[in-house]
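K.L.:
In order, the protein sequences belong to chains A and B.
Under the numbering used here, think of the first position of the first sequence as 1, with each following residue one higher.
Under the numbering used here, think of the first position of the second sequence as 1001, with each following residue one higher.
The C-beta atom is built at its ideal place from N, Cα and C for all residues, glycine as well.
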Amino acid sequence: MTEGVPNMDKKDKKDNKDLVTLEIPARPEFLGLVRAVVAAAANVESDFRDDRDEDLRLAVSEATTNAIEAHQLIGLDNRISVQAAMSDDRIEVVVRDQGPGFDPAALEAMPEPGTPERLFFENGLGIPLMRELADESDISSSSDGTTVRLVIYTRRYL
Amino acid sequence: MDLGLMIERRPPMLVLSIGGDLEMSSVPQFRDAVIDAISAGEHHLVVDLSATDFIDSTGLGALIGALKRLRSADGSLQVACAQPRLQELFKLTDLDKVFVLHQSVEEVVAAGIPNSSKRSEWL
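1) Leaving out five residues on either side along the sequence, give the residues of the same chain with a beta carbon under 6 Å from the beta carbon of Val1015 (chain B).
2) Quick check: the stretch 1036 to 1043 of chain B against the stretch 36 to 49 of chain A, are at least 3 beta-carbon pairs closer than 8 Å?
3) Taking any Cβ of chain A, which residues in the stretch 1085 to 1104 of chain B have a Cβ under 7 Å from it, in chain order?
4) Is there a Cβ of chain A sitting closer than 8 Å to that of Pro1012 (chain B), yes or no?
5) For Ile1038 (chain B), which residues of its own chain have a beta-carbon under 6 Å away from its beta-carbon, when the five flanking residues on both sides are left out?
6) Mind listing, in chain order, the continuous alpha helix (DSSP H) runs of no fewer than 4 residues lying wholly within the stretch 19 to 62 of chain A?
7) Helix, strand or coil for Ala1073 (chain B), going by three-state DSSP, please let me know.
8) Counting along the chain, where does the beta strand (DSSP E) carrying Asp97 (chain A) start and finish?
9) Going by CA-CA distance only, name the one from A:Arg49, A:Ala36, A:Ala59 that's closest to Glu132 (chain A).
10) Can you tell me whether Arg49 (chain A) is buried or exposed, with buried defined as 16 or more other CB within 10 angstroms of its CB?
11) At which residue ranges does the stretch 1009 to 1070 of chain B contain complete beta strand (DSSP E) runs of 3 or more residues, listed in the order of the chain?
12) Short check: CB of Leu125 (chain A) to CB of Thr1093 (chain B), under 8 Å?
13) Compare the C-alpha of Val20 (chain A) against each of A:Pro28, A:Ala36, A:Asn66 and name the closest.
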């Protein structure tokens, strides 16, 4: 069992070359800071194409906006955590809040894109957009909070 | 973040140019500007996104909100946006079906106030 620990450390180092963690107050005034820090972190040692930079900034901003809204919904003062793990060809960003959580499956009930009903969802655009822009996205949510994990590659491979 | 709002009268239209970011922190300022314009009798607005640095789903939602408000006042909202990146964003969210994207404010002004919109049944 003790042998497993160093192996895991080694694996983590390989997968997560660099790690940047940011904690922000749950206020929209800090969104710009999150975008700037994550975009700068992504390009420290990797070269993200301009369009990927924009995908990253927008996807992270959407996730952080949802986190801020979740805290504001229940008047929670706790900070929101944004963690970015950089490796050669990608950045993985994890946004964690301690809000009331939601059921990601319930989002599927939204009207189809292009239908008139969809337009009444002024606030429902964020998560579909985030999923579209990120190469990988996972949302796990419970009554203790929500964690969104996003992965963006330096280039679009699709 | 700063909305970087500039307002210019181009009778019979009023142009709101956004030079900064349209997101959660600046949306209230944008919404207030639209409400003020309508109160002042300006019912035909043009939102110029030519120099906009960043817009997210909250900002797009605010544009929908402004369109609904103006439509209920028998007005119109047109968008000038030549940035390919932002045009792509309108497409991804299907909002290219709601807003006609013009290349420039000059193009909007030259075309004049739209006829009662063929898209009005959408909202």
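P.N.:
On the basis of the coordinates in this document:
1) Glu1008, Val1046, Asp1048, Val1105
2) no
3) Arg1085, Leu1092, Thr1093, Asp1094, Lys1097, Val1098
4) no
5) Ala1073
6) 31 to 42
7) coil
8) 90 to 97
9) A:Ala59
10) exposed
11) 1013 to 1018, 1044 to 1048
12) yes
13) A:Ala36
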